[in-house]
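Numbering (mature numbering (1 follows the signal peptide of the UniProt record, and there is no 0)), first residue to last: -19 to -1, 1 to 478. The beta-carbon is built from N, C-alpha and C at its ideal position, and this holds for glycine as well. These notes are about the structure you will find just below.
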């Protein structure tokens, strides 16, 4: 493909972050009004799919939170304190439980070497104040024969692998950024360093999933992390460096446009770094991919494929500030809005991917937009239990090296496990615990004087005893609400084994 030919009608400009959402250049006021109405309905519908434990169906918690925040930057901040803590603690729990099996060493730098060690590329997110067409993303294969993890120069844990692949880690990183959480120190884990390790593994992968790879690049550039040049060149080269629009899916135009759209969003987001690092033909390749997306638009109804594909194409074209007069923007938006019912675009996964466009955002917008960061006040202390108040009595067990100590706690009906622990510690001097106050809520540091130890991969894990079997608690201590006779067990768990 001749890259010189495909540049005339494509504008390659980073979108203005402070401008109000003017879809299709603001030329269609009726469409704008409909868009605003659907946005309100879609945000409400997706928020309503959250369950009592703070999660969304089909492993979509991180995607739902990201979609909601991109569609409405004040969504989480507008919720009550309990809802804010529940949502963020669930997000924390889902990611942390995937990271805890890593056996982190406690070296002062990467593998004991200097900061230019190949396992520790990646810059700092600094102050963070401001998927494919199927609901289930394909996990990428990131095999690594090296040690399970390394530590960064500031002694944070930097795993060299992530079991579910770079694409899933990218979803979590973007979701964390959307609720104002740092990616460079997530409970002792440097997620940016880990993502850099995964990007390095991708360089030699000849069957790379470029949808997930582009999402990984987006997760780094969105928090201004440094992306090493070879990773950017891999994004530019794609599956075939002689054809910017080549896709291994052949005539499957839907998957082709999905991948192209995500590549375009990643290239727009990382453009400044690519230019600074002198990555060859960046703008020409970007222009070619935009043109290939434009050529995939259906002349009859304005769509680019199914609803997700069309939404990703719209996000990519708006991310690149492509002139709406050279593509059927009005028809594409009108068609896409017709694919929803009461804000539901076909399920949680689909709706989460689609709704960022309703506020003129895309998966690279976190680099520019201002998120309204939720505030997290000190959790209230439990009030006195008065005669006649409805109460719940339940069991708390503490297990260390196979030895179990049992306690009984009483709370007001509807109070959390955290309040139960506070009440128990107040009445039983043999039970003590400490927590750290984080953006995710109360995180258990120690129980009965025994503290978690990240270097030794020792952590306190919450279990619920059901029919004699222990199951992982689905959220943290502030998101669990005991019922009469229930049993919670805290296990001091060694994740290095």
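Within a Cβ cutoff of 6 Å, which residues of the same chain sit near residue 452, ignoring the five residues on either side of it in sequence? Along the chain shown, one-based indexing puts residue 452 at 471. Around residue 452: 445.
Starting from residue 380, trace the beta strand (DSSP E) both ways and give me its first and last residue. Your numbering for residue 380 matches position 399 in the chain shown. Element bounds for residue 380: 372 to 381.
Give me whichever residues DSSP pairs with residue 472 in a beta bridge. Along the chain shown, read from residue 1 onward, the residue named residue 472 stands at position 491. In the DSSP output, where bridge partners are listed per residue, residue 472 has 380, 442.
Under the three-state reduction of DSSP, which class applies to residue 423: helix, strand or coil? Reading the chain shown from its first residue, position 442 is the one you call residue 423. Three-state result, residue 423: strand.
Just tell me which of 157, 162, 179 has its CA closest to the CA of residue 144. Translated into the one-based positions of the chain shown, residue 144 becomes position 163. Comparing Cα-Cα distances from residue 144 to each of 157, 162, 179, the minimum goes to 179.
Pair every Cβ in the segment 261 to 273 with every Cβ in the segment 308 to 320, then say whether three or more of these pairs are closer than 8 Å. no
Exposed or buried, which one is residue 478 when buried takes at least 16 other CB atoms within 10 Å? By 1-based counting over the chain shown, the position of residue 478 is 497. The residue in question, residue 478, is exposed, as its Cβ has fewer than 16 Cβ neighbours within 10 Å.
Quick check on the DSSP output: the beta strand (DSSP E) that includes residue 450 runs from which residue to which? Here residue 450 refers to the residue found at position 469 when the chain shown is read from its first residue. That run of the beta strand (DSSP E) goes 450 to 453.
Using the beta-carbon count (16 or more within 10 Å), is residue 130 buried or exposed? Counting from one through the chain shown, the residue named residue 130 turns up at place 149. Low local confidence applies: a pLDDT of 42 at residue 130 is under 50, so the model's placement there is unreliable, and no value is given.
Could you spell out the range, first to last residue, of the alpha helix (DSSP H) harbouring residue 10? Position 29 of the chain shown, counted from the start, is the residue given in the question as residue 10. Element bounds for residue 10: 10 to 29.
Could you give the DSSP three-state label for residue 432: helix, strand or coil? Residue mapping note: residue 432 aligns to position 451 of the chain shown, counting from 1. Residue 432 falls in the strand class under three-state DSSP.
Which one of 263, 338, 397 has the shortest CA to CA distance from residue 524? Since the displayed the chain opens at -19 and closes at 478, residue 524 lies outside it and no answer follows.
Excluding the 5 residues preceding and the 5 following residue 431 in the sequence, name in chain order all residues of the same chain whose CB lies nearer than 7 Å to its CB. As a working note, residue 431 is residue 450 in the chain shown. Within the same chain, residue 431 has close Cβ partners 381, 473.
Which complete alpha helix (DSSP H) runs does the segment 230 to 273 hold, if anything under 4 residues is left out? 234 to 250, 252 to 257
contact_flag[the segment 278 to 285, the segment 332 to 341] where n(CB pairs < 8 Å) is 3 or more: no
Taking the C-alpha atoms as reference points, what is the distance between residue 70 and residue 222? Taking the first residue of the chain shown as position 1, residue 70 is located at position 89. Taking the first residue of the chain shown as position 1, residue 222 is located at position 241. If you take the alpha carbons of residue 70 and residue 222, they lie about 43 Å apart.
Taking the alpha carbon of residue 483 as the reference point, which residue from 44, 53, 147, 36 has its own alpha carbon closest? Examination of residue 483 is not possible in this model, given that the chain is present from -19 through 478 alone.
Return helix, strand or coil for residue 42, following the three-state DSSP convention. Stepping through the chain shown from its first residue, residue 42 is reached at position 61. Here residue 42 sits in helix by DSSP.
Starting from residue 139, trace the beta strand (DSSP E) both ways and give me its first and last residue. On the chain shown, residue 139 is found 158 positions in, with the first residue counted as 1. 138 to 140 is the span of the beta strand (DSSP E), which, as asked, contains residue 139.
Between which residues of its own chain and residue 467 is the CB-CB distance below 6 Å, once the five residues before and five after are set aside? To locate residue 467, count along the chain shown from 1; it is residue 486. The answer, listed in chain order, is 375.
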